[in-house]
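Protein chains in written order, with our numbering: chain E, 1 to 152; chain W, 1001 to 1152. Take a look at the structure set out below.
Number of protein chains: 2
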Amino acid sequence: MARSPKSAGKGRKLSNFLCFAIYSANLAFGRAYKPLLDKVGLTYTQYIALVALSDEDEQTVSALGEKLFLESNTLTPILKKLEQMGLIKRHRDPADERQVRLSLTPAGRKLIEQDLGESLIEATGLGDDFPVVQKTVSRLRDNLLRATNIDG
Amino acid sequence: MARSPKSAGKGRKLSNFLCFAIYSANLAFGRAYKPLLDKVGLTYTQYIALVALSDEDEQTVSALGEKLFLESNTLTPILKKLEQMGLIKRHRDPADERQVRLSLTPAGRKLIEQDLGESLIEATGLGDDFPVVQKTVSRLRDNLLRATNIDG
DNA sequence: CCCATATAAATCGTATCCGATTAAATCGGA
DNA sequence: TCCGATTTAATCGGATACGATTTATATGGG
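This is how it looks when you write it as structure tokens:
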């Protein structure tokens, strides 16, 4: 919850914390997606996982985790649910039985191709700044993770 | 997970989704704070709640919820934990027994005044852009919530 | 005064996150 | 070859989020 360097003295206010802006913006995105995702019976995280899986067939759980910044403890239950819903297939890699390979089913691919959330671009109110903000926040994330892993 | 308007055709890639940038940046902040907060025995959300409580004494749960964009279903367990740790006091308002009033204890205030997370400002790698990004993301959040509540 | 309505907080069930541990499979050096 | 170290998922427990419901209190019209 690092604060703005500007507010040095007393103002320990939430509104000056970048981490709170990110935290609350994440909640807001989840709520904005909710009505859209309810229609197809997906949660926010399930949808993000599906998008990442649409990128490439036969990914392992670890590879998916690297894209999503998550690990098997979080992903395994979500992936089992997606499989149970008929949106993905999971199977052990015959060449290395430790790994589980993941692929979208036709139903899963069809769902992703609907481009849910396209309608939310306008709701961000960012206009032409949209790609700039996206890149800035991604860089912020990468910087934080790098700093955390070096001296954490 | 609204995508950049630029990537119209095939690129349904996670890296083009603003909501994923926010989602993953939030995870990154949580991980960056973890070692700092572990030292004082707090979780990320508990810390955010404490900062919001330091703003004003005798807030109600609802008022705190408006600042944090959370409701009593999420806050009550967190507040009970903070009380149990001796960092806040909770008591029913005698003038309206439905409401619970919240205040930091001296221990709670002392903890907040340590300015944990100050060290993370540099880790964001944003430099002078820090306050700009903070305001942009806050505006994004407010726009999303407004759009969600109007036609959601 | 009485009760229907409204409001505030708490409770409950489901779905994430995450640290720590476990189980199974693979790998590598003696 | 054999066994310890490593790797990959999965499991488990604690702490959020959140929709839906419940409980307790307050309010207002008749």
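Don't be surprised by glycine CBs; every beta carbon is placed ideally from N, CA and C.
Hey, which unbroken runs of the alpha helix (DSSP H) at 4 residues or more fall wholly within the segment 64 to 134 of chain E?
Fully enclosed alpha helix (DSSP H) runs of 4 or longer: 72 to 84, 106 to 112, 120 to 123.
DSSP bridge partner residues for W:Q1059 (one or two, in chain order)
W:L1102, per the DSSP bridge assignment.
Measure the CB-CB distance between E:A123 and W:A1147 and report whether it falls below 8 Å.
yes
Buried versus exposed call for W:V1132 [16 or more other C-beta atoms within 10 Å across all chains shown]
exposed
Can a CB atom of chain W be found closer than 8 Å to the CB of E:Q134?
yes
Could you say which of E:Y23, E:L27, E:Y33 lies nearest to E:I121 if we only look at CA atoms?
E:Y33
Cβ distance (whole Å) where E:L53 is taken to contact E:L102 below 8 Å:
6 Å
Given 7 Å as the limit, tell me if E:E66 has its C-beta closer than that to any heavy atom belonging to the ligand PLP.
What this structure holds is no ligand at all, so the ligand PLP is not there to describe.
Buried/exposed call for W:I1022, threshold 16 Cβ in 10 Å:
When all chains shown are included, W:I1022 counts as buried.
Check whether the Cβ atoms of W:Y1044 and W:L1050 lie closer than 8 Å to each other.
The beta carbons of W:Y1044 and W:L1050 sit no closer together than 8 Å.
Taking a contact to mean a Cβ-Cβ separation below 8 Å, would you say E:R109 touches E:V100 in this structure?
no
Taking E:Y47 as the reference, which of E:G125, E:I88, E:F130 has the closest Cα?
E:I88
Proximity winner among E:D55, E:E58, E:E118, E:L111, relative to E:G41 (alpha-carbon distances):
E:L111
DSSP state of E:R141, grouped into three classes?
Correct three-state label for E:R141: helix.
If you count every other CB in all the chains shown that lies within 10 Å of the CB of W:A1107, and 16 or more means buried, which is it?
exposed
Any Cβ of chain E within less than 8 Å of the Cβ of W:V1137?
yes
Note down the Cα distance separating W:L1014 from E:P35, rounded to an integer number of angstroms.
21 Å
Exposure of E:Q84, with buried meaning 16 or more beta-carbon neighbours within 10 Å:
exposed
Tell whether a beta-carbon distance below 8 Å holds between E:F130 and W:L1145.
no
Mind checking W:Q1134: buried by the 16 CB within 10 Å criterion, or exposed?
buried
For W:D1055, return the contacting residues in chain E, with the cut-off set at a CB-CB distance below 9 Å.
R12, K13, L14
Terminal residues of the alpha helix (DSSP H) in which W:L1050 lies
1044 to 1054
E:R90 and E:L79 look like a contact to me (Cβ under 8 Å); what is the Cβ gap, rounded to whole Å?
Yes, E:R90 and E:L79 are in contact; Cβ-Cβ is about 6 Å, under 8 Å.
By alpha-carbon positions, which one of W:L1027, W:G1065, W:D1055 ends up nearest to W:E1113?
W:D1055
Contacts that E:I78 makes with chain W (C-beta to C-beta distance below 7 Å):
Correct list: empty, because the minimum Cβ distance to chain W is about 14 Å.
For E:G125 and chain W, any beta-carbon pair shorter than 8 Å?
By this cut-off, E:G125 is an interface position.
Is it the case that the Cβ atoms of E:L184 and E:L64 are separated by a distance below 8 Å?
Outside the shown range of chain E (1 to 152) lies residue 184 of chain E, about which nothing can therefore be said.
Output needed for W:R1098: all residues of its chain with C-beta closer than 7 Å, excluding positions within five of it in sequence on either side, in chain order.
Same-chain partners within the cutoff: there are none.
Whole-angstrom Cβ separation of W:V1137 and E:V61, contact assumed at under 8 Å?
Contact annotation, W:V1137 with E:V61: C-beta distance approximately 31 Å; criterion of less than 8 Å not satisfied.
Would you identify the three-state DSSP class for W:V1040, choosing helix, strand or coil?
helix
Taking a contact to mean a Cβ-Cβ separation below 8 Å, would you say E:N143 touches W:G1125 in this structure?
yes
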